[in-house]
Amino acid sequence: MDFSEEVLRHESGNRGEGNTKLVLGNNDSGAAVSVGTRTRKFSRDDKGKGKMVVEEVLLPQKLSDDEMDWQPVVLEENQSVSGAADADVEPLWRQAARERAIKLAPKFAFFKADEDVHSDEDDEEELEPAADAQDWPGPYSTALRIMDDRDAKLRARELGPSSKLANDADNVILWTPLKNKKAPLRPVPSLASLCMQTLASHAEGIESLGGIPEDLKHKLLTELCRSRKMNTHLLTEILCDNPVALQLRECSWLNEDDFEAVFGKCMIESLEVLQLDLSGRCMPDYILPTTLAKVPNCMPLLRKISLMGNYRLSDNGLDKLISAAPSLSSLNLSECSLLTSTGIENLANRLQSVLRELYINDCLNVDAMMILPALKKIKQLEVLSMSGIQSVCDKFVNELIPIHGPNIRELAFAGCLSIFSVEFHSITEVIS
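Residues 1 to 432 (the numbering used here) make up the sequence shown, in order.
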């Protein structure tokens with residue numbers, strides 16, 4: 001049975017009651033299917049020959065035409081009741097979906113510039129050349145503009161001096177050499193200094209220093225300390241001849257065991273000058289009784305000693321050294337951080353008749369006003385260096401100068417920030 005037409009009928013009177021009917025009919029056979037009323041009509045010839053399955057479409061009640069959602073009607077045997085559907089006939093559900101899309105299209109429509117109809121003015125604007133990408137603001141265009149400006153300034157800077165030189169090309173520079181003036185000559189090292197440098201650079205190969213004069217030994221020691229080539233073997237070779245002076249500007253290479261082994265066996269009675277700077281690592285207080293202060297007055301000829309930077313020398317160790325060398329006239333105790341005012345007072349009281357030079361720079365535990373009475377007792381004080389001691393004040397200087405002014409040759413108060421109103425011209429008058 002072929003269907004030639006499909007009619008979708010809406011009964012406006014019964015829309016509110018939900019009695020919408022879907023009718024499929026054919027003029028020849030008169031067969032009809034009513035979905036709303038659930039009635040099926042077949043012709044006499046078609047009864048019992050085939051089955052048609054129609055899904056009932058139940059529409060919601062009280063809905064508008066735009067909100068109606070049509071669902072397809074599924075027919076068996078390619079949408080035909082008798083099994084021979086016409087291929088040219090459009091399915092009912094597709095037609096209903098098209099009509100619904102046409103009704104809902106205005107609600108979802110939006111403006112799209114690319115699909116708008118262009119006018120003549122728009123065509124003219126499109127014919128105009130597009131602006132440069134660098135003219136538009138943005139990080140890329142800004143970076144390009146900065147680079148262009150920098151290159152332009154660089155080119156202008158490079159062309160500037162050349163143009164200036166071109167303008168000054170006509171100017172003639174007159175040069176006249178100086179006469180009667182000799183070029184400074186580079187000092188030529190002496191043969192003795194070259195030999196000392198060679199010996200210092202090969203210090204590990206020196207076997208003995210016997211028979212070398214004292215002045216050459218002193219120069220060799222200075223060069224060895226400067227180049228940090230000094231060792232225990234060379235120190236033993238120097239002390240084996242009972243030298244008068246031993247000057248080591250740097251003793252950080254020496255440890256306690258080597259110091260005790262060297263000075264415990266050598267004869268130190270002939271020493272007059274002893275310099276052991278930066279000896280805090282090798283010479284603490286408890287090692288002095290077995291080395292330099294074995295017995296009182298064991299160094300009777302020693303008149304000058306320098307222990308600068310010995311951070312392990314305390315007041316007790318200083319007393320032992322003074323008892324071993326009672327003839328000291330010059331002491332350099334700068335940067336001995338363990339020394340206090342008590343040690344300086346004992347020093348000044350015991351050496352008041354022979355002491356001439358005292359260096360106690362940067363001894364932070366020394367109070368200037370506490371040692372002032374002891375310093376006044378020194379009879380022949382010529383050099384006093386107390387740089388870096390903040391307790392030195394105007395009162396200390398004003399009380400010290402009238403007593404030692406005629407004998408003083410050098411005063412050092414660098415870094416003493418408590419001195420404000422001392423009249424140095426009056427000090428000069430007293431000293432002179």
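Glycine is no exception: its CB is placed at the ideal position from the N, C-alpha and C atoms.
- Task: Buried or exposed for K62, please, with buried defined as at least 16 other CB atoms from any protein chain shown within 10 angstroms of its CB.
- Result: With a pLDDT of only 42 at K62, under the threshold of 50, the placement of this residue in the model should not be trusted, and no figure is reported.
- Query: What span of residues does the alpha helix (DSSP H) with I371 cover, start to end?
  - Reply: 368-377
- Message: Taking 7 Å as the threshold (C-beta atoms), are N332 and M308 in contact?
- Response: yes
- Nearest neighbour of G280, chosen from L246, R303, Y286, Y311 [CA to CA]: Y311
- Beta-carbon proximity check, I287 vs E237, cutoff 7 Å: no
- State buried or exposed for R228, treating a residue as buried only when at least 16 other CB atoms are found within 10 Å of its CB. exposed
- Item | Assigned exposure category for F413 - 16 Cβ within 10 Å defines buried | buried
- Item | Alpha carbon of L301 to alpha carbon of S270, nearest angstrom | 6 Å
- Item | Straight-line gap, V216 to V295 (C-alpha atoms, nearest Å) | First, the amino acid is wrong: residue 216 is Leu here, not Val. The straight-line gap from Cα to Cα measures roughly 31 Å.
- Taking the alpha-carbon positions, what's the L351 to L235 distance? Rounded to whole angstroms, L351 to L235 spans 30 Å at the Cα level.
- S391 versus I419 - alpha carbon distance: Their Cα atoms are separated by approximately 9 Å.
- Between H202 and S193, what straight-line distance do the alpha-carbon atoms span, to the nearest angstrom? 14 Å
- Query: When DSSP labels each residue in this structure, what does S193 get in the three-state scheme?
  - Reply: helix
- Give the single residue among K395, E335, P289 whose Cα lies nearest to the Cα of G317. Distances from the alpha-carbon of G317 to those of K395, E335, P289 put P289 closest.
- Task: Return the residue from the list D277, N346, W175 that minimises the CA-CA distance to K334.
- Result: In the sequence under discussion, the amino acid at residue 334 is Ser, which differs from the Lys named in the question. Taking only the C-alpha atoms, the option nearest S334 is D277.
- To the nearest angstrom, how far is it from the Cα of L154 to the Cα of T176? 37 Å
- Would you kindly work out how many angstroms separate the C-alpha atoms of D319 and E272, rounded to a whole number? Between D319 and E272, the C-alpha separation is close to 19 Å.
- Task: Helix, strand or coil for S270, going by three-state DSSP, please let me know.
- Result: Residue state, collapsed to three classes: coil.
- Item | Boundaries of the beta strand (DSSP E) in which E357 is found, first to last residue | 357-359
- Message: Distance check for S252 and K219, CA to CA, integer angstroms please.
- Response: Note on geometry: alpha-carbon atoms of K219 and S252 lie some 19 Å from one another.
- Task: Please work out which residues of its chain come closer than 8 Å, Cβ to Cβ, to L338, disregarding the five sequence neighbours upstream and downstream, and give them in chain order.
- Result: Y311, R312, L313, S314, D315, N365
- Message: Between which two residues does the beta strand (DSSP E) holding N332 run?
- Response: 330-332
- Message: Can you tell me whether V383 is helix, strand or coil according to DSSP?
- Response: strand
- Query: CB-CB under 6 Å to E410, same chain, minus the five flanking residues each way: which ones, in chain order?
  - Reply: Closer than 6 Å at Cβ, skipping near neighbours: V383.
- Message: Let's test the definition: count the other Cβ atoms within 10 Å of the Cβ of V397 and tell me whether it reaches 16, buried, or not, exposed.
- Response: buried
- Message: Which of the three DSSP states is assigned to K229 in this structure?
- Response: coil
- Message: Do C282 and R249 have their beta-carbon atoms positioned less than 7 Å apart in this structure?
- Response: no
- Which residues in the same chain as A368 place their Cβ atom closer than 8 Å to its Cβ, once the five residues preceding and following it in sequence are excluded? M386, I389, S391, V392, C393, F396
- Message: Do A374 and E345 have their beta-carbon atoms positioned less than 7 Å apart in this structure?
- Response: yes
- Task: Determine the contact status of A348 and I378, defining contact as a CB-CB distance below 7 Å.
- Result: yes
- Item | Sheet register partners of A245 (DSSP bridge) | V273
- Item | Reference A261; option with closest CA among L239, N361, V244, A245 | L239
- Query: Got a sec? Which residues, its chain only, sit under 7 Å from H404 by beta carbon, not counting five neighbours each side?
  - Reply: L381
- Task: Run the CB neighbour count on D285, radius 10 Å, all protein chains shown included, and call it buried at 16 or more, exposed below.
- Result: buried
- Item | Own chain partners of E399 with C-beta closer than 7 Å, once the 5 adjacent residues on each side are dropped | Cβ contact annotation for E399 (same chain, cutoff 7 Å, sequence separation greater than five): L372, in chain order.
- Can you tell me whether DSSP reads K107 as helix, strand or coil? Looking at K107 - three-state DSSP - the assignment turns out to be helix.
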